[in-house]
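Residue numbers (UniProt numbering): 1 to 166.
Just so you know, even glycine gets a beta-carbon here, dropped at the ideal spot from N, CA and C.
Keep in mind that this is a model prediction, so the values were computed, not measured.
Inspection log for the structure reproduced underneath, given as structure tokens.
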């Protein structure tokens with residue numbers, strides 16, 4: 001199945017997220033990640049949703065999303081070049097003797113150590129999901145004690161969203 005990233009411009013009202021999530025469930029789509037935040041225009045929010053599915057079913061889902069109250073626009077970001085990032089905070093078991101070694105792993109990923117405790121460190125990493133996954137694979141042998149990741153935030157490359165709306 002193909003991974004897709006959608007951008008929904010919505011009115012900033014209670015219940016909009018619930019209606020979107022229900023529609024995804026009714027259409028048998030899983031929401032892999034979702035981020036919602038303010039936009040450049042007061043009163044509007046942007047939802048960035050990643051999901052998996054085939055193109056035909058996704059097109060149907062997008063058409064039905066457009067029919068929901070409070071949905072201004074739906075854009076299929078991943079069908080064209082886009083910029084996508086997420087943030088991960090990773091608590092790794094780290095003895096004092098391992099910290100230099102862990103720093104050597106973290107630096108090539110342009111990640112940083114943001115907290116040091118007696119028996120662990122917290123690493124902050126920013127990038128696309130593949131980069132975060134690669135860092136996690138390297139850190140797993142040290143013992144990942146806790147992990148939290150944001151969903152993807154994304155924008156179309158180069159062109160404004162108004163030109164790319166579905």
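Legend entry - beta strand (DSSP E) segment containing residue 2, residue limits: Position 2 of the chain shown holds residue 2. Residues 2–11.
Legend entry - Secondary structure of residue 146, DSSP reduced to three states: Translated into positions along the chain shown, residue 146 becomes position 146. Reduced to three states, the DSSP call for residue 146 is strand.
Legend entry - Of the residues 19, 15, 143, the one placed nearest residue 92, counting alpha carbons only: Position 92 of the chain shown holds residue 92. Selected option, being the one with the closest Cα: 143.
Legend entry - Inter-stretch contact at 8 Å, needing at least 3 Cβ pairs: the segment 111–123 / the segment 84–98: yes
Legend entry - Beta-carbon proximity check, residue 151 vs residue 48, cutoff 8 Å: For this step, residue 151 is matched to residue 151 along the chain shown. For this step, residue 48 is matched to residue 48 along the chain shown. In contact: residue 151 and residue 48 (Cβ atoms closer than 8 Å).
Legend entry - Same chain, Cβ closer than 8 Å to residue 121, neighbours up to 5 away in sequence not counted: For this step, residue 121 is matched to residue 121 along the chain shown. 91, 92, 94, 99, 102, 113, 115.
Inset, instruction - Decide if residue 139 is buried, meaning its Cβ has at least 16 other Cβ atoms within 10 Å, or exposed. - result: Taking the chain shown and counting its residues from 1, one reaches residue 139 at position 139. Sixteen is the threshold: when 16 or more other Cβ atoms of the shown chains lie within 10 Å of the Cβ of residue 139, as they do, the residue is buried.
Legend entry - Beta carbon of residue 75 nearer than 8 Å to that of residue 134: Position 75 of the chain shown, counting from 1, holds the residue named residue 75. Position 134 of the chain shown, counting from 1, holds the residue named residue 134. Cβ atoms of residue 75 and residue 134: not closer than 8 Å.
Inset, instruction - Assign residue 68 to one of three DSSP states: helix, strand, or coil. - result: Locating residue 68 in the chain shown gives position 68, counting from the first residue. Three-state result, residue 68: coil.
Inset, instruction - Tell me whether the beta-carbon of residue 30 lies closer than 8 Å to the beta-carbon of residue 51. - result: Start at 1 with the first residue of the chain shown, and residue 30 comes out as number 30. Start at 1 with the first residue of the chain shown, and residue 51 comes out as number 51. Yes.
Legend entry - Bridge partner(s) assigned by DSSP for residue 83: Counting from 1 along the chain shown, the entry for residue 83 is found at position 83. BP columns for residue 83 point to 155.
Inset, instruction - List the endpoints of the continuous alpha helix (DSSP H) containing residue 17. - result: The residue given as residue 17 occupies position 17 in the chain shown. Looking at the DSSP string, the run of the alpha helix (DSSP H) that includes residue 17 is 16–26.
Inset, instruction - Within the same chain, show all residues whose beta-carbon is closer than 6 Å to that of residue 65, passing over the 5 residues directly before and after it, in chain order. - result: Translated into positions along the chain shown, residue 65 becomes position 65. 71, 74, listed in sequence order.
Inset, instruction - Using only the heavy atoms of the ligand FMN, determine whether one of them is closer than 7 Å to the beta carbon of residue 136. - result: For the ligand FMN, the structure offers nothing, since it holds no ligand at all.
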